[in-house]
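Chemist: Quick one: structure below, then a few questions.
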Amino acid sequence: MDSPCVQQYQPPRSASLGTTCSLWHLTFEIASQTRQYADEKLTKDAIRDRVLKVCKAYDKVTADKLTVDSHFINDLGLDSLDHVEVIMAMEDEFGFEIPDGDAEKLLRPADIVQYVADKEDIYE
């Protein structure tokens with residue numbers, strides 16, 4: 001016996017469909033942005049490209065000043081906190097943690113490229 005005071009809320013059909021479509025779109029968008037590097041053969045060139053892409057995406061790096069040999073602090077004007085954030089972005093990009101002792105030595109994109117190549121046993 002249903003009481004008129006106790007009714008389940010039924011959203012309008014169009015609102016329900018819109019919510020479903022929005023969730024599907026969000027799920028699709030996230031899935032399409034997922035990295036698909038598992039199938040890609042990792043080479044030093046591919047590592048270099050990914051390192052530079054991550055550096056360019058960092059808002060405090062001026063893209064026209066960036067080269068593989070740019071020093072994060074001296075050439076690009078980053079401070080120590082910025083350097084930590086760049087290293088964290090590299091950890092996310094390559095899927096492994098870089099110990100603090102190693103991170104302190106990675107002061108140029110070229111250093112990161114070599115570090116990742118060594119970690120992944122890539123010698124080409």
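If you count by full-length UniProt numbering, then the sequence shown holds residues 1 to 124, one letter each, in order.
We put the beta carbon where it would ideally sit given N, CA and C, even for glycine.
What you are looking at is a predicted structure, and each value in this text was computed from that prediction instead of being measured.
G101 by DSSP, collapsed to three states: which one?
Modeler: Against the sequence shown, residue 101 aligns to sequence position 101. Helix, per DSSP.
Chemist: Tell me the DSSP secondary structure of V86 in three-state form.
Modeler: As a working note, residue 86 is residue 86 in the sequence shown. Here V86 sits in helix by DSSP.
Chemist: Determine the contact status of R50 and E93, defining contact as a CB-CB distance below 9 Å.
Modeler: Here residue 50 refers to the residue found at position 50 of the sequence shown. Here residue 93 refers to the residue found at position 93 of the sequence shown. Taking 9 Å as the Cβ cut-off, R50 and E93 qualify as a contacting pair.
Chemist: Taking the alpha-carbon positions, what's the H71 to I87 distance?
Modeler: Working through the sequence shown from its first residue, we reach residue 71 at position 71. Working through the sequence shown from its first residue, we reach residue 87 at position 87. Rounded to whole angstroms, H71 to I87 spans 14 Å at the Cα level.
Chemist: Considering A63, what are the terminal residues of the alpha helix (DSSP H) in which it resides?
Modeler: Stepping through the sequence shown from its first residue, residue 63 is reached at position 63. Run containing A63: none; DSSP gives neither H nor E here.
Chemist: Buried or exposed: where does P99 fall if 16 or more other Cβ atoms within 10 Å of its Cβ makes it buried?
Modeler: The sequence position of residue 99 within the sequence shown is 99, counting from 1. Classification of P99: exposed, given that the 10 Å Cβ count is below 16.
Chemist: If you count every other CB in all the chains shown that lies within 10 Å of the CB of Y115, and 16 or more means buried, which is it?
Modeler: Counted from its first residue, the sequence shown places residue 115 at position 115. Buried: at least 16 other Cβ atoms inside 10 Å.
Chemist: Between which two residues does the alpha helix (DSSP H) carrying L52 extend?
Modeler: Here residue 52 is taken as the residue at index 52 of the sequence shown, counted from 1. 44-57 is the span of the alpha helix (DSSP H), which, as asked, contains L52.
Chemist: Which one of E104, T67, D111, M90 has the shortest CA to CA distance from D79?
Modeler: In the sequence shown, counting from the first residue as 1, residue 79 sits at position 79. Out of E104, T67, D111, M90, E104 has the C-alpha closest to the C-alpha of D79.
Chemist: Answer yes or no: do K60 and L76 have a C-beta to C-beta separation smaller than 9 Å?
Modeler: Position 60 of the sequence shown, counted from the first residue, corresponds to residue 60. Position 76 of the sequence shown, counted from the first residue, corresponds to residue 76. The answer is yes: Cβ separation under 9 Å.
Chemist: Assuming A117 and K44 form a contact by the criterion Cβ under 8 Å, report the distance between their Cβ atoms to the nearest whole angstrom.
Modeler: In the sequence shown, counting from the first residue as 1, residue 117 sits at position 117. In the sequence shown, counting from the first residue as 1, residue 44 sits at position 44. Indeed they touch by this definition, with Cβ atoms about 5 Å apart.
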